[in-house]
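*Asks:* Read left to right, the sequence shown gives residues 1 to 130 (this note's numbering).
Glycine residues also receive a C-beta, built at the ideal position from the N, C-alpha and C atoms.
Please read all numbers here as calculations on a predicted model, not as lab measurements.
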Amino acid sequence: MKKIILFFIAIFAVSFSQDKRISIDDLVNIKWKMKRYITDGINLRVESSRRKDYQIFKPNNKREEMLFGKIYENLHWEYLPFGEFIMMYSEKKDIYIPARITEFKKNEELRLTILDINTGKIITIIYEAD
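1. Out of curiosity, what's the CA-to-CA distance linking Ile95 and Ile71?
2. Going straight from the alpha carbon of Ile126 to that of Met34, what length do you get?
3. Can you list, in chain order, the stretches of the beta strand (DSSP E) that have 3 or more residues and sit fully within the region 13 to 91?
4. Start and end of the beta strand (DSSP E) containing Glu103?
5. If we call anything under 8 Å between Cβ atoms a contact, is Ile30 one with Ala99?
6. Straight-line CA distance for Ile56 to Leu75?
7. Which residues bound the beta strand (DSSP E) around Lys121?
8. How many angstroms separate the CA atom of Phe82 from the CA atom of Lys106?
9. Go to Ile114, then tell me how far its beta strand (DSSP E) extends in each direction, as first and last residue.
10. Report the rounded CA-to-CA distance for Trp32 versus Phe85, giving the unit in angstroms.
11. Measure the beta-carbon distance from Ile101 to Ile114 and round it to whole angstroms, keeping in mind my assumption that it falls under 8 Å.
12. Note down the Cα distance separating Asp25 from Thr119, rounded to an integer number of angstroms.
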């Protein structure tokens with residue numbers, strides 16, 4: 001019985017040690033263009049006014065974002081590896097948006113899940129690397 005328990009503990013430890021972690025270097029200096037988003041289980045295309053929207057996570061926690069054709073610079077961000085969250089801050093750091101990385105394919109796709117406080121719905125935004 002002890003051998004079986006030790007075997008399962010060893011397998012369990014190895015499985016967690018091989019768990020793939022996201023590195024900050026995988027996110028930085030890549031232009032993440034908005035591809036589509038998911039809300040209420042419905043996969044929606046990006047509206048025509050938002051087709052050029054993007055995020056660029058820069059070194060030293062700087063961030064650039066285009067929303068509805070307007071570029072916002074001097075924004076801030078922070079990567080929280082313990083829950084794979086990205087905290088996105090406004091220029092004055094008075095507004096922040098926690099976003100959970102739900103899926104990540106290096107240099108291909110980034111999925112961020114946020115809570116929209118206006119509608120009370122969870123939204124997954126899908127970005128592709130440009």
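*Replies:* If we stick to the structure as given:
1. Counted from its first residue, the sequence shown places residue 95 at position 95. Counted from its first residue, the sequence shown places residue 71 at position 71. Their backbone Cα atoms lie some 17 Å apart in a straight line.
2. Sequence index remark: in the sequence shown, residue 126 carries index 126 (1-based). Sequence index remark: in the sequence shown, residue 34 carries index 34 (1-based). Their backbone Cα atoms lie some 6 Å apart in a straight line.
3. 31 to 39, 42 to 45, 54 to 58, 62 to 67, 70 to 80 and 85 to 89
4. Taking the sequence shown and counting its residues from 1, the one referred to as residue 103 is at position 103. Taken as a continuous stretch (DSSP letters only), the beta strand (DSSP E) holding Glu103 covers Tyr96 to Lys105.
5. Indexing the sequence shown from 1 puts residue 30 at position 30. Indexing the sequence shown from 1 puts residue 99 at position 99. In this structure, Ala99 does not lie closer than 8 Å to Ile30 by Cβ.
6. What you label residue 56 is simply residue 56 of the sequence shown in a count that begins at 1. What you label residue 75 is simply residue 75 of the sequence shown in a count that begins at 1. Each residue's alpha carbon lies about 10 Å from the other.
7. Here residue 121 refers to the residue found at position 121 of the sequence shown. Run containing Lys121: Lys121 to Ala129, per the beta strand (DSSP E) assignment.
8. Numbered from its first residue, the sequence shown carries residue 82 at position 82. Numbered from its first residue, the sequence shown carries residue 106 at position 106. Taking the straight line joining both Cα atoms gives about 19 Å.
9. Here residue 114 refers to the residue found at position 114 when the sequence shown is read from its first residue. It spans Glu109 to Asp116 - the beta strand (DSSP E) in which Ile114 sits, taken as one unbroken run.
10. If you number the sequence shown from 1, residue 32 lands on position 32. If you number the sequence shown from 1, residue 85 lands on position 85. Cα-Cα distance, rounded: 16 Å.
11. The residue given as residue 101 occupies position 101 in the sequence shown. The residue given as residue 114 occupies position 114 in the sequence shown. In fact, because the Cβ distance is near 11 Å, the residues do not count as touching under 8 Å.
12. Numbered from its first residue, the sequence shown carries residue 25 at position 25. Numbered from its first residue, the sequence shown carries residue 119 at position 119. Distance between the alpha carbons of Asp25 and Thr119: 33 Å.
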